[in-house]
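Numbering (our numbering), first residue to last: 158 to 567.
Single-structure report; data block below.
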């Protein structure tokens, strides 16, 4: 522990020195201290408190590091150690948890790296493991990983055909699984376990049932001695007392509705970068996305007291963004859209009908995407349904705010 304090103090003092002190000795001293901190973070023998403290120090000084002439050496150290540690250690699905905080902060280090030319040479080394991590991570970390992937791909435009192909296959599987899990998506879930510690609970059965974070209540029975005025040699009587602890269980990335809402934006970017090499793979997503757009909860599910409106709105958001993606690629994949035209028409009317009156932005997104199809070569598909477009309750809903805001959109 004493060594860790020395390392931390030495690192902080060095990083607070004037950046004008760019001598070779100063740079070497800085790097050696930084190296000790990074190695301390990935050392499983160190306590979580020490690892978190050193991660915090690294994160605080990322911007300063980027101004050093040997910045690339620091990036190389982070890539080789932090990403390897993330790959080799297990995903954590429960919070609060030091292990999850450490994993998330490791990922955030790469999110905070300044986008400079020095980073270009490491982009593939960073993104390749991140594509793999995303498929096995929890919802919280996967959202952060996807943001990093999108940002790096947008800025540096690397050619990573194999990784993108595997990512599209992952997306394909996620969308396909949602159809079979529809009866589980929209219900509010809270799990309660009578036990001694959280470590005794098999979380895998819970994780497989959820598509967003849920609460887990752990009930522990503690025995407190009963005070008595009579002293004996016998064991003191005790009264049971129930203590409850509340944890949050994070969903898998592959099950997450929140992550599903972010996929279309990422896919649009990847389509722009890789469509020549992966035209068939993107085309395979079109009929899958159309089938996904027609999914909706049953009337029985909506009337269930456990029906979760927040999850339902997130689900509609994923569908609206998916519809926008199809509008974006419509000209390229006209044949696939035409073969499934009945699903396209059904989906648009279902989305308008299912969107809550108070959710104005979501309705606007649906209308904008629908208007694209109505004004394209697909307009003839909507001729049999033209009367429905004159139904203001369908287009604008019954909400006053929605009608005022969307009147000039249609």
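For each residue, glycine too, the CB sits at the ideal point set by N, CA and C.
- Message: Is the separation between the beta-carbon of residue 302 and that of residue 287 shorter than 7 Å?
- Response: In contact: residue 302 and residue 287 (Cβ atoms closer than 7 Å).
- Message: The alpha helix (DSSP H) that contains residue 320, what's its start and end?
- Response: From DSSP, the alpha helix (DSSP H) with residue 320 extends over 318–337.
- Report yes or no: do three or more beta-carbon pairs, one from the stretch 516–535 and one from the stretch 465–474, lie closer than 8 Å? Cβ pair count under 8 Å is three or more, so yes.
- Message: Relative to the C-alpha of residue 551, which candidate in 274, 235, 523, 541 has its C-alpha closest?
- Response: Ranked by how close their Cα comes to the Cα of residue 551, the residues 274, 235, 523, 541 have 523 in first place.
- Task: Along the alpha helix (DSSP H) that carries residue 312, what are the first and last residues, could you check?
- Result: Per DSSP, the continuous alpha helix (DSSP H) segment holding residue 312 begins and ends at 296–313.
- Message: Please return the same chain residues whose Cβ sits closer than 6 Å to the Cβ of residue 491, not counting the five positions on each side in sequence.
- Response: Closer than 6 Å at the Cβ level, and outside the excluded window around residue 491, lies no residue.
- Query: Can you list, in chain order, the residues of its chain whose CB lies under 7 Å from that of residue 230, leaving out five sequence neighbours each side?
  - Reply: So the qualifying residues of the chain are 188.
- Query: Between which two residues does the alpha helix (DSSP H) carrying residue 573 extend?
  - Reply: An answer regarding residue 573 cannot be provided, because it is not within the stretch 158 to 567 covered by the chain.
- Identify which residue in 375, 409, 273 has its Cα closest to the Cα of residue 401. If we check each option's Cα against that of residue 401, 375 comes out closest.
- For residue 463, write down the residues that DSSP places opposite it in a beta bridge. DSSP lists no beta-bridge partner residue for residue 463.
- Task: Confirm, please, whether the CB-CB distance from residue 484 to residue 529 is below 7 Å.
- Result: Contact flag set, yes.
- Task: Could you pull out every residue in the same chain whose Cβ sits closer than 8 Å to the Cβ of residue 443, ignoring the five residues on either side in sequence?
- Result: By the criterion of a C-beta distance shorter than 8 Å, residue 443 is surrounded in its chain by 483, 486, 490, 493, 494, 497, once the five residues flanking it on both sides are discounted.
- Work out the CA separation of residue 549 and residue 538 for me, nearest whole Å. Approximately 20 Å between the Cα atoms of the pair.
- Item | Buried versus exposed, by CB contacts within 10 Å (16 or more), residue 245 | With fewer than 16 Cβ atoms within 10 Å of its Cβ, residue 245 is classed as exposed.
- Message: With DSSP as the reference, identify every bridge partner of residue 409, one or two as the case may be.
- Response: Looking at the DSSP output, residue 409 bridges to 295.
- Message: Any contact between the stretch 441–457 and the stretch 360–375? By contact I mean 3 or more CB pairs, one from each, below 8 Å.
- Response: Result no; under three Cβ-Cβ pairs closer than 8 Å.
- Message: Which residue marks the beginning of the alpha helix (DSSP H) containing residue 431, and which one marks its end?
- Response: 414–431 is the extent of the alpha helix (DSSP H) around residue 431.
- Task: Check residue 179 in the structure and name its three-state DSSP category.
- Result: Note that residue 179 scores a pLDDT of 47, beneath 50, so its modelled location is shaky; the value from the coordinates is reported in the next line. Three-state DSSP puts residue 179 in coil, outside helix and strand.
- C-beta atoms of residue 215 and residue 269 nearer than 7 Å: The criterion of a C-beta distance shorter than 7 Å is not satisfied by residue 215 and residue 269.
- Look at the Cβ atom of residue 468, then the Cβ atom of residue 348, and state whether they are nearer than 7 Å. No, the pair does not count as a contact, with Cβ atoms beyond the cut-off.
- Message: Distance check for residue 190 and residue 212, CA to CA, integer angstroms please.
- Response: Roughly 13 Å between the two C-alpha positions.
- Indicate whether residue 200 and residue 236 have their beta-carbon atoms separated by less than 7 Å. Contact: no.
- Message: Taking the straight line between their C-alpha atoms, what separation do you get for residue 508 and residue 207?
- Response: Distance between the alpha carbons of residue 508 and residue 207 is about 50 Å.
- Item | Inter-residue Cα distance where the pair is residue 280 and residue 411 | Per the coordinates, the alpha-carbon of residue 280 lies some 24 Å from the alpha-carbon of residue 411.
- Message: At the level of alpha carbons, what is the spacing between residue 514 and residue 554?
- Response: Straight across, the Cα-Cα distance linking residue 514 with residue 554 is about 5 Å.
- Per-residue burial, residue 253 [other beta carbons within 10 Å of its own, 16 or more giving buried]: Here residue 253 is exposed, its C-beta having fewer than 16 other C-beta atoms within 10 Å.
- Query: For residue 421, does the count of other Cβ atoms within 10 angstroms reach 16, so buried, or fall short, so exposed?
  - Reply: Looking at its Cβ environment, which holds 16 or more other Cβ atoms inside 10 Å, residue 421 is buried.
- Thinking just about the alpha-carbon of each residue, which of 366, 533, 506, 558 is nearest to the one in residue 547? When each option's Cα is compared against that of residue 547, the closest is 506.
- In chain order, what residues of the same chain lie with their CB nearer than 8 Å to the CB of residue 291, ignoring the 5 residues before and after it? Excluding residues within five positions, the ones whose Cβ falls inside 8 Å are 299, 302, 303, 306, 324, 327, 410.
- Query: Taking the Cβ atom as the reference point for each residue, do residue 195 and residue 234 lie within a distance shorter than 7 Å?
  - Reply: If you check the CB distance, residue 195 and residue 234 come in under 7 Å.
- Task: Counting only the same chain and skipping the five closest in sequence on each side, list residues whose C-beta sits under 8 Å from that of residue 243.
- Result: Contacts found: 260, 263, 264, 286, 290.
- Query: Rounded to whole angstroms, how far is the Cβ of residue 345 from the Cβ of residue 465, which I believe are closer than 8 Å?
  - Reply: Indeed, because the Cβ distance is near 4 Å, the residues count as touching under 8 Å.
- Message: Given the structure, does residue 545 come close to the ligand COA, in the sense that its CB is under 6 Å from one of the ligand's heavy atoms?
- Response: Summarising the ligand content, the structure contains no ligands, and the ligand COA is consequently not present.
- Message: Is residue 506 close to chain B? Criterion is C-beta to C-beta, closer than 7 Å.
- Response: Among the chains in the structure shown there is no chain B, since it carries only a single protein chain.
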